[in-house]
Every structure is written in C-alpha cells, then in structure tokens.
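Below is one structure, written out as structure tokens, with a few remarks after it.
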Amino acid sequence: MSENHLYLRKILIPSLLNVISYNLARQNKDFGIFEISNINTKKNQLLAIVLTGYQKILGYLNKISYSFFLLKGFFQGIVDILGININHFTFKEEVVSNELYPGKNAFIYFDQKKIGYLGELHLDVYLNSWN
Numbered sequence: 310m311s312e313n314h315l316y317l318r319k320i321l322i323p324s325l326l327n328v329i330s331y332n333l334a335r336q337n338k339d340f341g342i343f344e345i346s347n348i349n350t351k352k353n354q355l356l357a358i359v360l361t362g363y364q365k366i367l368g369y370l371n372k373i374s375y376s377f378f379l380l381k382g383f384f385q386g387i388v389d390i391l392g393i394n395i396n397h398f399t400f401k402e403e404v405v406s407n408e409l410y411p412g413k414n415a416f417i418y419f420d421q422k423k424i425g426y427l428g429e430l431h432l433d434v435y436l437n438s439w440n
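Residue numbers (the numbering used here): 310 to 440.
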C-alpha cells in the first residue's frame with residue numbers, strides 16, 4: 310500500500326475520477342474504465358464504470374460521445390458476460406443525485422430490489438471537485 314492508499318474505500322467513484330483527471334491532464338481524453346471490487350461495506354461486490362470523451366468506432370474513422378445510454382448498454386453487456394439474466398433488471402428514472410443530469414440517471418433494480426444507479430455526472434460538479 311502507498312501513502313495515497315492507507316485506508317479502505319467505501320466507494321469506488323472518487324478513485325476512478327482521479328484516474329480520469331490524471332489522464333485528461335495528459336491529453337488522453339477518450340476512454341472508459343471500470344472496477345469491480347470488494348470494499349469496506351456489507352455488500353458483496355461493487356461495479357463502477359466511468360466514461361469520458363468519445364467512443365471510437367472503426368478505429369478513428371467515426372466517434373460518438375459517451376452518454377448515459379451507452380453506459381446503460383455497457384452495464385447490460387457486463388451483466389450478460391457474467392451470465393446474469395438481464396430480465397431480472399429494471400431501470401427506473403428517478404432523481405438519484407443533484408450531481409447527475411436530470412433525465413440521464415436511473416436506479417437499477419434486481420428483482421424489485423434497488424441495487425445501484427447509473428448517471429451522467431454534471432461537468433461543473435466534476436470540475437469543482439478538483440478545485
């Protein structure tokens with residue numbers, strides 16, 4: 310462990326945003342990262358996905374901006390790869406947090422139990438968190 314990692318984390322997002330910030334400072338603007346981790350919580354495992362910039366399609370011939378809807382698609386793809394039936398999941402658009410864009414966030418339910426959320430972070434919230 311390094312001095313930057315002396316304590317167990319309770320959430321994954323801040324460390325992923327640090328990775329994004331590090332890469333943006335080095336002109337690497339278009340990428341996505343994820344982490345599946347056991348952290349200091351009573352829950353089993355957590356999955357966090359962070360996307361920034363554009364998704365490259367056919368190499369650099371075409372690109373589309375990462376969005377809430379692409380994030381939802383990535384989540385569904387990971388669930389499928391893990392062998393979990395996607396029909397057990399529902400997504401309900403509700404106000405998850407004021408830090409997320411309205412209409413671009415939803416809670417994730419597994420068999421009617423709220424297990425997480427998806428959302429697009431307000432850019433000003435992200436930028437202000439580093440000042």
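Yeah, the Cβ is synthetic: ideal placement off N, Cα and C, and Gly gets one too. This one's a predicted model, so the numbers in the text were calculated from it and none came from an experiment.
Give me the DSSP bridge partner(s) of residue i.
i: Tyr418; result: Thr399 and Lys423
i: Lys381; result: Partner(s): none; Lys381 has no beta bridge.
Classify residue i as helix, strand or coil using the three-state DSSP reduction.
i: Ile387; result: helix
i: Asn440; result: Confidence in Asn440 is poor, its pLDDT being 48 and thus under 50, which makes the residue's placement unreliable; the coordinate value appears in the next sentence. In this structure, Asn440 counts as coil in the three-state DSSP scheme.
i: Ile320; result: coil
i: Ile326; result: Looking at the sequence shown, residue 326 is not Ile but Leu. The answer is helix: DSSP assigns Leu326 an H, G or I state.
i: Leu333; result: helix
i: Gly392; result: coil
i: Leu430; result: strand
i: Gly368; result: coil
How would you write the range of the beta strand (DSSP E) that residue i sits in, first residue to last?
i: Val359; result: Leu355 to Thr361
i: Ile345; result: Phe340 to Ser346
i: Ile373; result: Asn371 to Ser374
With the cut-off set at 7 Å, would you say residue i and residue j are in Cβ contact?
i: Ile345; j: Gln354; result: yes
i: Tyr375; j: Val405; result: no
i: Ile373; j: Gln364; result: yes
i: Phe419; j: His397; result: yes
Please determine if the region 413 to 426 and the region 396 to 405 are in contact, where contact requires at least 3 C-beta pairs separated by less than 8 Å. Result yes; three or more Cβ-Cβ pairs closer than 8 Å.
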